[in-house]
Structures are given as C-alpha cells and as structure tokens.
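Residue numbers (the UniProt record's numbering): 1 to 148. Even glycine gets a Cβ: it sits at the ideal position worked out from N, Cα and C.
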Amino acid sequence: MTWKPHATVAAIIERDNKFLIVEELTHGKRVFNQPAGHLDPDESFIDAVIRETQEESGWQFVPEAVIGVYLWKHPDTGKTFLRVAICGSCKNHNAQQPLDDGILQALWKSRDELIQASHKLRSPLVINCIDDYLAGKRYPLDMLITVP
Numbered sequence: 001m002t003w004k005p006h007a008t009v010a011a012i013i014e015r016d017n018k019f020l021i022v023e024e025l026t027h028g029k030r031v032f033n034q035p036a037g038h039l040d041p042d043e044s045f046i047d048a049v050i051r052e053t054q055e056e057s058g059w060q061f062v063p064e065a066v067i068g069v070y071l072w073k074h075p076d077t078g079k080t081f082l083r084v085a086i087c088g089s090c091k092n093h094n095a096q097q098p099l100d101d102g103i104l105q106a107l108w109k110s111r112d113e114l115i116q117a118s119h120k121l122r123s124p125l126v127i128n129c130i131d132d133y134l135a136g137k138r139y140p141l142d143m144l145i146t147v148p
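This is the structure in structure tokens:
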C-alpha cells in the first residue's frame, strides 16, 4: 500500500484579537477552518497560501512567517495531512468575489469563540495553529524551499 500524505497550507490571520475563519460545507456538515487547501501542481507553499486565502475569503494575504508544520491523521478516513501554517496580514477585501465551492462565508472569530464551537472545527489543527501563533512561534518564510 502506498502512503501519500496530502500537502496543504493554512493562513493564520489575526485582526483585533480575532482570526479569519471560513465556514465551509464538507461531507454535509458546516465546519470552521482557516483559509486552507492543497497545493496545486508546481506551486510553492507561499503561492498556495496566497491563492487559497483569496479564493476562500476574498482577502489578499501577505505572508509574514511560518507558524509550524503539522502532520495529522484523520481518525475517520485514515488520510494523513501535512499542513504548513503561515501567518500574515490581509488587505484589499473583495466582497463581490465568489468564494470557492463549499465555502459558505468568511468571518472573524476569537479563539474563545472557536473553543466554544469546537464541535464545528474541521480538525484539531485549527486550534493547534492558533495556539502556536499566540505562543509566538515564528519561523522565516525562506525555510520553505521549492527546488526546481
């Protein structure tokens, strides 16, 4: 059996003690997640997180630092995800932009609001990434190397 983890990125964006979150419909359930998704072929981690944030929230993302690299196995499906979480700021919101399929809305939520809605989190990675961000974990973006 071949093991193929899913390479993903997530944007950690804080403004006024709230985090940019997307509410999405997945497998018939409404869940909260950071703007996040899979890398496209020939795409860097930085390009992927900028694209995913734009597509899922309408916000233009400006990456500033890596928060962490996370490996998580979904308990129900057995799929493994390798997530690179990148923090930064956002600007130039396009409220008229249609959001990706399955994305219901982009909203700002505090950590406490997300903890209270923990049953609606897409995965434990949502809080893990926020907690690492709040703990001050930051690594340089140039650690993410795309080899041609």
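- Here Leu25 is bridged, per DSSP, to Arg30.
- Proximity to Ala95 across Glu56, Lys4, Ile115 peaks at Glu56, based on C-alpha coordinates.
- Secondary structure at Ala48: helix, using DSSP grouped into helix, strand and coil.
- For Ser57, the secondary structure class from DSSP, reduced to helix, strand or coil, is helix.
- Taking every protein chain shown into account, the CB of Tyr133 has 16 or more other CB atoms within 10 angstroms, so this residue is buried.
- In the structure shown, the three-state DSSP call for Gln116 is helix.
- Leu107 and Val22 have their C-alpha atoms roughly 6 Å apart.
- Distance from the CA atom of Tyr70 to the CA atom of Ile13, rounded to whole angstroms, is 17 Å.
- For Ile50 and Asp100, the gap between their C-alpha atoms comes out near 14 Å.
- In the displayed model, Ile13 falls within a strand according to three-state DSSP.
- For Ile103, there is no enclosing alpha helix (DSSP H); the enclosing beta strand (DSSP E) covers residues 103-109.
- Leaving aside the five residues that flank Pro124 on each side, the residues in its chain whose CB is nearer than 8 Å to its CB run, in chain order, Trp72.
- Going by C-alpha positions, Asn17 is about 29 Å away from His74.
- Judged by their CB atoms, Arg122 and Glu24 are nearer to each other than the 9 Å cut-off.
- Leu39 carries a coil assignment under DSSP once its states are collapsed to helix, strand and coil.
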